[in-house]
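Student: Here the protein sequences come in this chain order: U and W. Throughout the first sequence, residue numbering follows our numbering, covering 1 to 288 in sequence. Throughout the second sequence, residue numbering follows our numbering, covering 1001 to 1361 in sequence. Just so you know, even glycine gets a beta-carbon here, dropped at the ideal spot from N, CA and C. In this text, all values refer to a predicted model and were calculated from it rather than measured experimentally. The structure that follows is given in the form of structure tokens.
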Amino acid sequence: MDQGQSHRIRRRLLALGHFIGLLLAMSLICLPGLWVVLNSFRPTVEIMAKPPVWIPSELNLDNYRAMFGGIGEGGVPVLTYFWNSLVISLTSTVIALLVGMAGGYAFARYRIPGKSAVFVGLMVTRAVPGVALSLPLFILYGRLGIIDTHFGMILVYVALNVPFTIWLIDGFFRQVPKELAEAAEIDGCTRWQAFWKVEFPVARAGIASAGIFAFLTSWNEYALASQLTRSLNSKTMPVGLMDFTSQFTLNWGGMCALAVLMIIPALVLTFLVQKHLIAGLTFGGVKG
Amino acid sequence: MADVVLRDVVKNYGALPVVHAINLDIAHGEFVVLVGPSGCGKSTTLRMIAGLEAISGGTVRIGDRVVNDLPPRDRNISMVFQNYALYPHMSVRENLGFSLHIAKRPKAEIDKAVAEAAEILSLTPLLDRKPGQLSGGQRQRVAMGRAIVRHPDVFLFDEPLSNLDAKLRTQMRVEIKRLHQKVGTTIIYVTHDQIEAITLADRIVIMRDGHIVQIGTPLEVFERPVNAFVATFIGSPPMNLLPATVAGGALRLADGSTIPMPPGLSVRDGQAVHFGVRADNIMPEGHSMPPTAHMAHVEMPVTLTEPLGTETLLFATLAGTEVQAKMLNPRPVRTGEVLRFGIALDKCHLFDATTGASLRV
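This is how it looks when you write it as structure tokens:
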């Protein structure tokens, strides 16, 4: 009786310790994000205060108001940046997914001579740091005349994402038994119908997670975008953040406000497909 | 419903032939089982009939159409796969109705067909579940339901029971046989399990290394195997084979002892043979051996016993080879006990030692 009770208490204490530990770890991870959100709502004086002010004395929307305001009042073309980011990220994600599905399916299902060599070759392109590509890309794009265009940015991000989507989607199609498509074909489907009605829906979770990864890569990418974009034509949100720096000052409040706007769509998207994302990640984990 | 005819059907994987010009006539409504060890080409043959594998040579005819170049969807067949291949994202109802849905049949017709199939296979309470929520046996029944919904000309079964536990397998075997009695459709069934083959088939097709070795009713292949491979493959326990030489109208075993020549065989003196006898035809005296005209008697020490309830399997040594014998109405037997066994010679077989071919005329 007594023993059971002490056992129970110990188990509760352990659970509590677990909870506190996780809370501490999570706060460490979340702190920078929280700090950005907090800073977007308070004046520069408080942001720059030393020692740091943890509990804000005043919260307001001044930074947001200024950001959406006119050119003279510290305004930046947020909506244009947002639109550029959205168009470039979404388009490149859709293309990367389509190519990834075609490629991943082919790698998973067909016997192609030199398959593993091609596959490794694709993966190796991911090993090249993005920044190392910026100069060659800049020269190439300059000659082609596609600097500062949506098309140019979409091309870069598709190239960046395709190896990854192929790899991930290949893994998912490998997990779909090929008898499913065969059963569908016997049930009256064409090869194409068998793919869209059976194999695609079964691998959907994996394809969704590949899509999220591709979208976030494009949405957050800064290094290449800062080289290859020039003006309102194609500047994306991460590049837009630099509008808040000038020769002698740095408008931290404004930058944080734009950063918050940037985080929101990514956050919403991640929440929406969270379940798939976890399934996708663990899926990839067990893939041999 | 239709008959199925295979003429000189060949399958090569690159330069590697896996099915060698096989010929097979399957009558309308017949239940034919393809059986053989793994890698014998039985599944490949089935998949060629289904249209899932290209045919390298010869023709496959279903009904009055040569189907060599028809895609699976135009062959009017159904197939049950070893891993069931149920669509995991669809409910049982959707799985059953999928083929009709693809064929764009009216909804009322689909509902009726699905309800009928579900009734036959007692799946009605499970119609709204997903395959992931079903047990192995239930999944198996859904796979069968999906096959019968479209009233195909031919059912193809590819080792459908090998993922089930022993008890369920026996149960589903009966259900498949009952299904065949009910719908009467031609069935081609692939298995590596000879018991499944014997219990289910109207006719058994035994394959080995891409060739058909023997075609016959279960009783025919059991009683008159064409060679030593069939003799040891069909029947449990496998037929005992003892090396022997034909010497002056008798068989001389490896240790020099002789047993009389079984009747009805064509042999020549000095020929090296294998003497084949099933455990059912070699029994200790006094234990229900049915009396026959041709009996031989041997004495053997028992090395191991395997009691099976109504009978006991005795492992004994004859001329240096281990043989299995059956003891009906068993009594306890000590290891090492020497028993006198009777061999029913008219039920025995001789196979040529080099070719393995049966020497029965």
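List, in chain order, every chain U residue whose beta-carbon is nearer than 7 angstroms to that of W/Y1087.
Tutor: Your numbering for residue 1087 of chain W matches position 87 in the second sequence. Neighbours of W/Y1087 on chain U, chain order: L180, V198.
Student: Identify the contact partners of U/G114 in chain W, using a Cβ-Cβ distance below 8 angstroms as the criterion.
Tutor: To locate residue 114 of chain U, count along the first sequence from 1; it is residue 114. Ordered by position in chain W, no residue passes the 8 angstroms Cβ test against U/G114, which lies about 16 angstroms from the chain.
Student: Could you round the C-beta distance between W/H1294 and W/D1346 to whole angstroms and report it? I think they count as a contact, below 8 angstroms.
Tutor: On the second sequence, position 294 is the one that residue 1294 of chain W refers to. On the second sequence, position 346 is the one that residue 1346 of chain W refers to. That pair is a contact at about 5 angstroms.
Student: What is the rounded straight-line gap between the Cα of U/L24 and the Cα of U/C30?
Tutor: Your numbering for residue 24 of chain U matches position 24 in the first sequence. Your numbering for residue 30 of chain U matches position 30 in the first sequence. Whole-angstrom Cα-Cα distance: 10 angstroms.
Student: Closest to U/R52 by CA distance: which of U/N60, U/R42, U/L61 is it?
Tutor: Your numbering for residue 52 of chain U matches position 52 in the first sequence. Reading off the sequence shown, one finds Pro at residue 52 of chain U, where the question assumed Arg. Checked all of U/N60, U/R42, U/L61; the closest Cα to U/P52 is U/R42.
Student: Which of the three DSSP states is assigned to W/D1003 in this structure?
Tutor: In the second sequence, residue 1003 of chain W corresponds to position 3, counting from 1. Residue state, collapsed to three classes: coil.
Student: For W/Y1013, list the residues DSSP reports as bridge partners.
Tutor: Your numbering for residue 1013 of chain W matches position 13 in the second sequence. W/L1016.
Student: Please tell me whether W/S1266 has its Cβ less than 8 angstroms away from any Cβ of chain U.
Tutor: Along the second sequence, read from residue 1 onward, the residue named residue 1266 of chain W stands at position 266. Cβ-Cβ to chain U under 8 angstroms: no for W/S1266.
Student: If you reduce the DSSP assignment to three classes, tell me which class W/D1352 lands in.
Tutor: Numbered from 1 along the second sequence, position 352 holds the residue referred to as residue 1352 of chain W. The answer is strand: DSSP assigns W/D1352 an E or B state.
Student: May I have the straight-line CA-CA distance separating W/R1178 from W/F1157, to the nearest angstrom?
Tutor: Working through the second sequence from its first residue, we reach residue 1178 of chain W at position 178. Working through the second sequence from its first residue, we reach residue 1157 of chain W at position 157. If I take the Cα positions, the gap works out to 15 angstroms.
Student: Leaving out five residues before and five after U/G284 in sequence, what residues of the same chain have Cβ atoms less than 7 angstroms from its Cβ?
Tutor: For the purposes of this step, residue 284 of chain U is taken as residue 284 along the first sequence, with counting starting at 1. Bear in mind that the predicted position of U/G284 carries a pLDDT of just 41, short of 50, making it unreliable; the figure below should be weighed with that in mind. Answer for U/G284: L168, G171, listed in chain order.
Student: Within 8 angstroms of any Cβ in chain W, is that where the Cβ of U/G188 sits?
Tutor: Residue 188 of chain U sits at position 188 when you count from the first residue of the first sequence. Yes, contact with chain W.
Student: Excluding the five sequence neighbours on either side, which residues of its own chain have a C-beta within less than 8 angstroms of the C-beta of W/Q1194, listed in chain order?
Tutor: Mapped onto the second sequence, residue 1194 of chain W falls at position 194. Closer than 8 angstroms at Cβ, skipping near neighbours: V1035, F1233, I1234, G1235, S1236.
Student: By the DSSP assignment, the beta strand (DSSP E) with W/Q1214 in it spans what residues?
Tutor: Locating residue 1214 of chain W in the second sequence gives position 214, counting from the first residue. Unbroken beta strand (DSSP E) run through W/Q1214: 1211-1216.
Student: Does the Cβ of U/F19 have 16 or more other Cβ atoms within 10 Å, making it buried, or fewer, making it exposed?
Tutor: To locate residue 19 of chain U, count along the first sequence from 1; it is residue 19. U/F19 is exposed by the Cβ-count criterion.
Student: Residues in its own chain within less than 8 angstroms of W/V946 by CB, not counting five upstream and five downstream?
Tutor: Look at the range of chain W in this structure, 1001 to 1361, and you will see that residue 946 of chain W is not part of it.
Student: If you compare alpha carbons, which of W/R1334, W/L1123, W/V1213, W/L1251 is closest to W/Q1138?
Tutor: Counting from one through the second sequence, the residue named residue 1138 of chain W turns up at place 138. It is W/L1123.
Student: For W/H1180, name the three-state secondary structure that DSSP assigns.
Tutor: Within the second sequence, the letter at position 180 stands for residue 1180 of chain W. It is helical.
Student: At a cut of 8 angstroms, does the region 78-97 of chain U reach the region 181-193 of chain U through at least three beta carbon pairs?
Tutor: Too few Cβ pairs lie closer than 8 angstroms, so no.
Student: Report all residues from its chain with a CB closer than 6 angstroms to the CB of W/V1066; omit the five preceding and five following residues, and keep chain order.
Tutor: Within the second sequence, numbered from 1, the residue matching residue 1066 of chain W stands at position 66. Only T1059 meet the Cβ criterion.
Student: Using the beta-carbon of each residue, which ones in chain W are nearer than 8 angstroms to U/V202?
Tutor: The residue you call residue 202 of chain U lines up with position 202 of the first sequence. The answer, in chain order, is Y1087, P1088, H1089.
Student: Anything in chain U within Cβ reach of W/R1073, meaning under 8 angstroms, just list it in chain order.
Tutor: Against the second sequence, residue 1073 of chain W aligns to sequence position 73. The answer, in chain order, is E185, I186, D187, G188, C189, T190.
Student: Would you decide whether W/T1044 is buried or exposed? Buried here means 16 or more other CB atoms lie within 10 Å of its CB.
Tutor: Your numbering for residue 1044 of chain W matches position 44 in the second sequence. Result: buried.
Student: Taking three-plus beta-carbon pairs below 8 angstroms as touching, is the region 215-224 of chain U in contact with the region 235-242 of chain U?
Tutor: With the cut-off at 8 angstroms, the region 215-224 of chain U and the region 235-242 of chain U touch.
Student: Could you spell out where the alpha helix (DSSP H) holding W/H1297 opens and where it closes?
Tutor: By 1-based counting over the second sequence, the position of residue 1297 of chain W is 297. Looking at the DSSP string, W/H1297 is not in any alpha helix (DSSP H); the run it does join, the beta strand (DSSP E), is 1295-1307.
Student: How many Å lie between W/A1118 and W/G1145 at the Cα?
Tutor: In the second sequence, the residue the question calls residue 1118 of chain W occupies position 118. In the second sequence, the residue the question calls residue 1145 of chain W occupies position 145. Distance between the alpha carbons of W/A1118 and W/G1145 is about 7 angstroms.
Student: Please go through the same chain and pick out, in chain order, the residues whose beta-carbon is closer than 8 angstroms to the beta-carbon of W/A1254, but skip the five residues on each side of it.
Tutor: Numbered from 1 along the second sequence, position 254 holds the residue referred to as residue 1254 of chain W. Closer than 8 angstroms at Cβ, skipping near neighbours: L1242, P1243, A1244, A1319, G1320, T1321.
Student: Taking W/M1144 as the query, report the chain U residues whose CB atoms sit under 7 angstroms from its CB, ordered along the chain.
Tutor: Residue mapping note: residue 1144 of chain W aligns to position 144 of the second sequence, counting from 1. Correct list: empty, because the minimum Cβ distance to chain U is about 13 angstroms.
Student: So, does the CB of U/F193 fall closer than 8 angstroms to a CB anywhere in chain W?
Tutor: Here residue 193 of chain U corresponds to residue number 193 of the first sequence, with the count starting at 1. As written in the sequence, residue 193 of chain U is Gln, which differs from the Phe given in the question. Cβ-Cβ to chain W under 8 angstroms: yes for U/Q193.
Student: Excluding the 5 residues preceding and the 5 following W/L1086 in the sequence, name in chain order all residues of the same chain whose CB lies nearer than 7 angstroms to its CB.
Tutor: By 1-based counting over the second sequence, the position of residue 1086 of chain W is 86. Correct list, in chain order: N1095, P1131, R1139, V1142, A1143.
Student: Which residues does DSSP pair with W/G1057 in a beta bridge?
Tutor: Against the second sequence, residue 1057 of chain W aligns to sequence position 57. W/G1057 is bridged to W/V1010.
Student: What are the boundary residues of the alpha helix (DSSP H) that includes U/P265?
Tutor: Position 265 of the first sequence, counting from 1, holds the residue named residue 265 of chain U. First-last of the alpha helix (DSSP H) with U/P265: 252-272.
Student: Which bits of chain U does W/M1239 rub up against, with CB to CB less than 8 angstroms?
Tutor: Your numbering for residue 1239 of chain W matches position 239 in the second sequence. The premise fails here: W/M1239 is roughly 36 angstroms from chain U at the closest Cβ pair, so nothing lies under 8 angstroms.
Student: Who are the Cβ neighbours of U/C256 in its own chain at under 6 angstroms, not counting the five residues just before and after it?
Tutor: Counting from one through the first sequence, the residue named residue 256 of chain U turns up at place 256. The residues are V36, N39, S40.
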